[in-house]
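Written below as structure tokens is the structure these notes are about.
Protein chains: 2
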Amino acid sequence: MVKQYIHQHQERFLQELFELLRLPSVSADSRHKGDVRKTAELVRQRIQEAGADTAELVETNGHPIVFGEKRVDPAAPTVLVYGHYDVQPPDPLERWHTPPFEPTVREGKIYARGACDDKGQFYMHIKAFELLMKQQALTCNVKFMIEGEEEVGSDNLPLFVKTHRDKLKADVILISDTALISLDQPSITVGLRGLSYVEVEVTGANRDLHSGVYGGAVANPINVLAKMIASLHDENGRITIPGFYDRVAELSAAERQALNNAPFDLAAYKKELGIAEVIGEKGYTTLERTGIRPTLDCNGIWGGYTGEGAKTVLPSKAYAKISMRLVPDQQPAEITELFTKHFISLAPPSVRVKVTPHHGGEPAVTPTTSKAYKAAEEAFKEVWGKAPIPTRDGGSIPIVALFKKELGLDTVLMGFGLDSDALHSPNEHYGIANFLRGIETIATFYKHFAK
Amino acid sequence: MVKQYIHQHQERFLQELFELLRLPSVSADSRHKGDVRKTAELVRQRIQEAGADTAELVETNGHPIVFGEKRVDPAAPTVLVYGHYDVQPPDPLERWHTPPFEPTVREGKIYARGACDDKGQFYMHIKAFELLMKQQALTCNVKFMIEGEEEVGSDNLPLFVKTHRDKLKADVILISDTALISLDQPSITVGLRGLSYVEVEVTGANRDLHSGVYGGAVANPINVLAKMIASLHDENGRITIPGFYDRVAELSAAERQALNNAPFDLAAYKKELGIAEVIGEKGYTTLERTGIRPTLDCNGIWGGYTGEGAKTVLPSKAYAKISMRLVPDQQPAEITELFTKHFISLAPPSVRVKVTPHHGGEPAVTPTTSKAYKAAEEAFKEVWGKAPIPTRDGGSIPIVALFKKELGLDTVLMGFGLDSDALHSPNEHYGIANFLRGIETIATFYKHFAK
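For the protein sequence lines, the chains are A and B, in the order given. Just so we're aligned, residue 1 is where the first sequence starts under the working numbering, counting upward by one. Just so we're aligned, residue 1001 is where the second sequence starts under the working numbering, counting upward by one.
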């Protein structure tokens, strides 16, 4: 029945998703403020049409949150679906093979910014809900909370959650914003890294100088910044910020073994990325480095002359965006403070340094013993013919920790993407098979969860 | 007589210079190709109007060279004036207080891109020539060679010089493209640093990645580039490229003493630049660091996300523009090769590195014993009331070495700018007093040189 409905309506499902993907809801870019709102409005409308009792935009100090609800039975369990309708900026634009906001299907995949992260994924929940409503098979109460600021740190979500505890009352939170191992091997993410994100500014002289006249005598902020960044890792790939590892929860040998049992082909991984060698913290495998170890990456750097040709400038300023992925029990606020203190201490007297925190998110681990996790496991078995493997994911969904803390709710991360979907990159895509099988799995989850 | 003419015509001189400064002759930017040509045409016209027998545009593979000539007497000495009518790019635009191509006078200074480097300086020669012609006082033959590619490496000048040896025959080359110590203490630059300029590209994965999913396991080209750049200097501020210092001519204690006798106020220098501390190679003074020692500076760096807000990207590529200022007897081609070899050797197996040479220029030292230098010295004494101090300049004018090699001619660097003129920076300016006194000094030079 479920399969049949999806088969009959899949063309419409895709067209509806494409309509959503055409809206450039880039939350980081203030020029797209109107597009972000249009997207929220369309999501609200779709939830309403799918059969919700109510669906509304809740205003915040930033972009609005879409909230929708369907109550079927006060005695039935309640599922709270979280997702985000905002997307990452599409740059660098020139590396997209087709325009980021003109969804295009190639080899069974939808190419568009947000195809997987997270429009394609949260939309599965709306379609699974529609299906259950149409088939009069909805056995749980459902709430939707689809926000528009996930890609910029969900700054306004905590206040919304704190002030709407009753509205958000539920038995479990369901999020599809993570990846599976493969279409042949389903998995459920049970651990997420946290995030601390800062922007740094190094200032030398009070103006750009001629590198011939002043070079060698006046500090070059690019050279200084490079040195400061270089010193943030030691020769073993460990981060040198004092206190950085103090709260890192070490896993037992058995836990590490279980993690490394997940299928992983290093040669294929390197080939797919076009790299000759992986890197990382000494003493850990690639799966561990991206799953259970904290990391530090420069996400952007700029300064001086970056145009065509040559300009012999000794710039006044250089900048970098630096993020740290955190693991339990690191605290983003504390790590940001440790970073700031350390980074400022690295600056020689010839420059001035400013550190601006962008946003953070706490790492999280979700239980594999809950009723909801078991229901998800059953749903995967039924639809995919295989039990899902629990995995640790390198990305961050900071709101998982927030929901636990503020609402006391555990999350099940039922994600249907793939690591190769190019999230946050040019040519982001999402498999149509993933999309359709995701809808089926979600609909099946409700059946098991209501039992 | 000279003073009087300048006084009578100074308003027109300035208006003519402003017309030249309004043309955005940015040679590095192909969008300005038409403006560069318009500038060449205007310079040609001004040389013609000032009284030249001939003035023409000589086509090259890049921007044209303006050549003009006035023969007064085959027995008289010939002065070849070199200058450049192209300018540096004006970025960062937002830091200019008035538009770069709208010359504005504030506190006796002309603010505009090229005001000092080099439109304001070479134009003094055309006005000194006009003055001598009008007063029937020109006692030397004069040739003008004003090129349009100095700021991008003078790529087409060597061929022009080699194929026009007869046309360029002269007794001395006169260039105004350097700075004085101050309006109270004239100086003549007798040493110039050379230049090697490269662009480097570091590539990690074959596409931008999500820093959460891949961070910590796949090399980040920004982090790697930072480390590579950081390693180019040791803790004593020395450049670590093997062989880099092999050809550096060490000065005698007496020569170093003479150099350090030039007036220099470190406290004022730091205050003017807004820095708490100078930097540089251990064991050398600031004047030595910028005058007689080679240096390495990043002139630009970029990679990853540099827009508003936060994007957790692990970029595929990072870039930097790096230049080295060279001193006698370092060879730019050799240094570029040493850099390239060393830089590639620094790359870990997790990335690929590409080095693209931009352009180079040889360092040069000019004699203080020549008839031309003596004439310049006399001219300064007469106009400024003080003998000029010979100084070493940190900037590069690669064509000085070219002229010596190809034409066998020494250069006199009669520059009238100031180090604080913000060359290559926002708010470049040139003192009106420097401009007018420069015209007077040049006109006076001809009198002494013809003796």
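All residues carry an ideal CB built from backbone N, CA and C; glycine is no exception. These figures come from a predicted structure and were not determined experimentally.
How about residue i and residue j: do their beta carbons lie closer than 8 angstroms?
i	j	result
B:V1058	B:V1200	no
A:V81	A:H32	no
B:H1225	B:L1314	First, the amino acid is wrong: residue 1225 of chain B is Leu here, not His. Cβ atoms of B:L1225 and B:L1314: not closer than 8 angstroms.
A:P158	A:V351	no
B:A1276	A:P349	yes
B:G1300	B:A1318	no
B:F1339	B:I1241	yes
A:A115	A:E428	yes
B:V1412	B:A1450	no
A:E16	A:R37	no
A:T312	B:H1424	yes
A:A422	B:R1289	no
A:V202	A:P390	no
B:L1174	B:V1079	yes
A:G204	A:S316	yes
B:A1364	B:A1310	no
B:I1006	B:L1326	no
A:G237	A:G280	yes
B:Q1121	B:G1083	yes
Are there 16 or more other CB atoms within 10 angstroms of the CB of residue i, so buried, or fewer, so exposed?
i	result
B:S1182	exposed
A:T163	exposed
A:M1	exposed
A:A254	exposed
A:L93	exposed
A:H358	buried
A:S345	exposed
B:Q1135	exposed
A:E150	buried
B:Q1088	buried
A:E19	exposed
B:P1074	exposed
B:F1264	exposed
A:E308	exposed
A:A249	exposed
Just checking my contact of residue i with residue j at CB under 8 angstroms: how many whole Å lie between their CB atoms?
i	j	result
B:G1415	B:D1171	At roughly 20 angstroms, the Cβ-Cβ gap does not stay under 8 angstroms, so B:G1415 and B:D1171 are not in contact.
B:F1244	B:I1110	Not a contact, Cβ separation roughly 39 angstroms.
B:P1388	B:E1377	6 angstroms
B:G1194	B:S1396	6 angstroms
B:L1021	B:K1119	6 angstroms
B:G1438	B:L1418	At roughly 12 angstroms, the Cβ-Cβ gap does not stay under 8 angstroms, so B:G1438 and B:L1418 are not in contact.
A:Q330	A:R247	5 angstroms
Consult DSSP for residue i and reduce its assignment to one of helix, strand or coil.
i	result
B:P1467	The structure shown has nothing for residue 1467 of chain B, since chain B only spans 1001 to 1451.
A:L138	coil
A:H448	helix
B:E1308	coil
B:L1434	A small correction: the amino acid at residue 1434 of chain B is Asn; Leu does not occupy that position in the sequence shown. DSSP places B:N1434 in helix when its eight states are reduced to three.
A:N90	According to the sequence provided, residue 90 of chain A is Pro. The question's Asn does not apply to it. Reduced to three states, the DSSP call for A:P90 is coil.
A:L423	coil
B:K1381	helix
A:S196	strand
B:G1034	helix
B:S1187	strand
A:T441	helix
A:K3	helix
B:E1102	coil
A:K271	helix
B:G1212	helix
A:G291	helix
A:I301	strand
B:T1039	helix
B:V1485	Nothing in the structure corresponds to residue 1485 of chain B, since chain B is present only between 1001 and 1451.
With respect to 7 angstroms, is the separation between the Cβ of residue i and the closest non-hydrogen atom of the ligand MG below this value?
i	result
A:L314	This structure does not include the ligand MG; it has no bound ligands of any sort.
(message) So within the segment 148–179 of chain A, which uninterrupted beta strand (DSSP E) runs reach at least 3 residues, ignoring any that extend past its ends?
(response) Runs found: 172–175.
(request) Let me know the beta strand (DSSP E) ranges lying completely inside the segment 1395–1423 of chain B, each 3 residues or longer, listed in chain order. (result) Counting only runs of 3 or more, we get 1411–1413.
(request) Any chance you could list the alpha helix (DSSP H) runs of at least 4 consecutive residues sitting entirely within the segment 312–397 of chain A, in chain order? (result) DSSP runs (the alpha helix (DSSP H)) wholly in the segment 312–397 of chain A: 332–346 and 371–384.
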